[in-house]
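J.: Residue numbers (the UniProt record's numbering), protein chains in the order written: chain A, 1 to 377; chain B, 1 to 377.
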DNA sequence: CCGCAAGCTGAATCGTTAA
DNA sequence: ATTAACGATTCAGCTTGCG
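1) Helix, strand or coil for residue 333(B) per DSSP?
2) Counting pairs of beta carbons, one from the region 163 to 171 of chain B and one from the region 182 to 199 of chain A, are three or more of them closer than 8 Å?
3) How would you write the range of the beta strand (DSSP E) that residue 97(A) sits in, first residue to last?
4) Closest to residue 48(A) by CA distance: which of 83(A), 110(A), 99(A) is it?
5) Given a limit of 7 Å on CB to CB distance, which residues of the region 170 to 183 of chain B reach chain A?
6) Report all residues from its chain with a CB closer than 6 Å to the CB of residue 229(B); omit the five preceding and five following residues, and keep chain order.
7) Using the C-alpha atoms, what's the distance from residue 117(A) back to residue 365(B)?
8) Are the CB atoms of residue 114(B) and residue 153(B) nearer to each other than 8 Å?
9) Taking 8 Å as the CB-CB cut-off, is residue 49(B) touching chain A?
10) What number of angstroms, rounded off, separates the C-alpha of residue 298(B) from the C-alpha of residue 235(B)?
11) With 8 Å set as the bound, which would you pick, yes or no: does the beta-carbon of residue 69(B) sit closer than that to a beta-carbon of chain A?
12) Distance, Cα to Cα, residue 108(A) vs residue 128(B)?
13) Cβ of residue 216(B) less than 8 Å from any chain A Cβ?
14) Checking 8 Å against the spacing of the C-beta atoms, do residue 378(B) and residue 143(B) come in under that value?
15) Round the Cβ separation of residue 239(B) and residue 210(B) to the nearest angstrom and send it over; I've been treating them as touching at under 8 Å.
16) DSSP puts residue 277(B) in a beta bridge; with which residues?
17) Tell me whether the beta-carbon of residue 202(B) lies closer than 8 Å to the beta-carbon of residue 165(B).
18) Below 9 Å on C-beta distance, what does residue 113(A) contact in chain B?
19) Would you call residue 34(B) buried or exposed, if buried means 16 or more other Cβ atoms sit within 10 Å of its Cβ?
20) Determine the chain A residues that contact residue 341(B) at a beta-carbon separation under 8 Å, and present them in chain order.
21) Classify residue 359(A) as buried or exposed, calling it buried when 16 or more other Cβ atoms lie within 10 Å of its own Cβ.
22) Under 8 Å between the Cβ atoms of residue 308(B) and residue 317(B)?
23) Only counting the same chain, and skipping five residues up and downstream in sequence, which positions put a Cβ closer than 6 Å to that of residue 72(A)?
24) Beta-carbon separation of residue 101(A) and residue 220(A) under 8 Å?
25) Strictly by DSSP, which residues pair up with residue 152(A)?
26) If contact means a Cβ-Cβ distance below 8 Å, which residues of the region 129 to 146 of chain B contact chain A?
27) For residue 390(B) and residue 24(B), I'd like the C-alpha separation in whole angstroms.
28) State the start and end residues of the unbroken alpha helix (DSSP H) segment that holds residue 240(B).
29) Can you name the start and end residues of the alpha helix (DSSP H) that residue 162(A) belongs to?
30) When the Cα of residue 84(A) is compared with those of 351(A), 28(A), 51(A), 340(A), which residue comes out closest?
31) Taking only the alpha-carbon atoms, compute the straight-line gap between residue 389(A) and residue 133(A) and give it to the nearest angstrom.
32) Taking buried to mean at least 16 other C-beta atoms within 10 Å of its own C-beta, is residue 293(B) buried or exposed?
33) Within the continuous alpha helix (DSSP H) that includes residue 16(B), where are the two ends?
34) For residue 127(B), decide whether its Cβ has a neighbour in chain A, counting only Cβ atoms nearer than 8 Å.
35) In angstroms with no decimal places, state the Cα-to-Cα distance between residue 263(A) and residue 4(A).
36) Counting C-beta neighbours from all protein chains within 10 Å, is the total for residue 140(B) 16 or more, i.e. buried, or is it exposed?
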């Protein structure tokens, strides 16, 4: 029996425990209407993009591009797509808690329809977030700009809801004391993270990277929150939610996807509460945040940092902050505080021990930057 | 006398249309309706989005909206903004040439309305472009992500128009030989570039940086093209157009802005023609038939052609075809057939031997083209 | 075992001209 | 209006296979 329970037949008003951390099979509007109202903290939705592709596209080497031509992405008109969007958005709004927020991802093919419908239904837009792709597909015919990003809309249930969750300080501390911007840089979901089908091809045509969902949840949820995904697909939302100590609810129509997602989520190991202190994803180049040393594996949580004269000792945490006892913050803030100064460059102030001698953590940053340059070359 | 002419005080000019390189004062819809249809190559529009349009906002039933009414009706407001957007977009579409394109810039407050209306009116979206700001305004309350970008929509007049201008090769060359992406990085318009009023404050609230307009025009116009800006404001579009050897037409309602923009544009020094040269790709070069190489004596019947790895050998025939045994046809068809592909560019696939090494026959085509240029000069 | 080359692929609204 | 032919066009990153 899979560790992820499934519900195919919901009772009219199921108890909370029944649908939490499950994947519901069926049409998303019908499934949403069976869930209790005001029961979900955050919704992440990756709806069909309504791509309108005519022929087949070939690369310059004449290989064929494997496009998204699934039936679920086909709509007869903009009006039909709008009606579909209104229906699921309305149903989603009912299950959202008054102070809940919703994330919707899309491309220029659909995101303008989506945003307009959201505004019409009373959702209050908080930000649009740009996912900049490090490795987007090129424009093979040289007819347009390389479509190198997707857009996410982050919105509250209505204009009046002001107490939505936004972990501003945590995001900022892990981002070198700069507030998190609306443009995020992440690679596509490829390699081992990408689920494969029995033929070795991609299981799902549009699987999203876990790093993207991780930043979303770290920004807009708290541990124990409920995250709903009405277009569950390969289950990235569930996998990240479980790893980060959040509950999930997935809805999907395809048994193939449900089975694969359930297996995937069952294999996820939740992080310890301590590790959850707050960890962040990659940030915009070329600035290197201290947190990225941890992400890159160059620095492990729990590592001790010292100033050059070993007068102070700090502890590295998983979220990219450091702490001396209860005093936690960015490498810069903690460095400034212990010295009683306004400011401090943590990169040169803090050192790590290697073979008995101290080396500034700036050396590790240099390593990361070199890697970024190589990647960009 | 200002170097920028105004529509009220025009002297008759022999060839150039009266409205070229002028600023038209008035409501943008009315002004657009007085311009000849299909007369403009590119439109750049930075429409207002604050819903406080004092008089220009009308409901679909033509009733006027009181934008400062305390009884705020969200739906009415969006509907009114949509109606305003439809009105100017429709008028703009009439003056756009069949192969013209339009750029519209906005933020998450209005861009979703704008994009939806564009799709509804038949504009065909080519890209959405993200302007990432190097120095955006912080989020002061710490309740959202720093809004660090704006979105531009680039669209053609309709789906059928395929011959819009896109200077792909030039952009790529300027971008370290990588195709230009949909995310652009520019600073805000500040410092000396920013127009000031008599109090020393900013003249216009949303003056766009010239670098942004320069990339737009370098991407989607050719020298001598006509660029229309229906919300001219501080005149950035006109200033950049003049500098880059493009014509402009501006529309604005405010005399203050018109006067400042006229003065600004008058001070602009156009670049020399030689600096305005556009890098052209092969698709802009005259077509050369393979047979003309034989006629020009650059290739003799009986010459052997090879692919780069010498897996196949073909024989040049006097009629401009090539043959492998009995299999004869154009350089493209034979190249495709031996590879088992649908298509093949014979110019780059086939090579001839010179001094023991292989050179693509494309080199001979370049020679012919060079001769054609000399003959035309 | 490593190092390097070659191959594959990702939410894509992806052509023009002459007969 | 339709068809056929011409011929232009890709970036990053991971995987596979060979020496």
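We treat Cβ as the ideally placed atom computed from N, Cα and C, and that holds for glycine.
T.: Taking the geometry as given:
1) helix
2) no
3) 96 to 106
4) 110(A)
5) 179, 180, 181, 182, 183
6) 44, 237, 250
7) 54 Å
8) yes
9) no
10) 54 Å
11) Residue confidence is low: residue 69(B) scores 44 on pLDDT, short of 50, so the model does not pin down where it sits. Its coordinate-derived value is still stated next. So no, residue 69(B) is outside the interface.
12) 6 Å
13) no
14) This structure cannot settle anything about residue 378(B), because the visible part of chain B is limited to 1 through 377.
15) 6 Å
16) None, per the DSSP bridge assignment.
17) no
18) 112, 115, 116, 119
19) exposed
20) 62
21) exposed
22) no
23) 48
24) yes
25) 105(A), 129(A)
26) 129, 130, 132, 136, 138, 139, 142, 143, 144, 145, 146
27) Only positions 1 to 377 of chain B appear in this structure, which leaves residue 390(B) out of reach.
28) 236 to 243
29) No alpha helix (DSSP H) contains residue 162(A), which DSSP labels as neither H nor E.
30) 28(A)
31) Missing from the structure shown is residue 389(A); chain A here goes from 1 to 377 and no further.
32) buried
33) Unbroken run through residue 16(B): none, as it is neither H nor E.
34) yes
35) 8 Å
36) exposed
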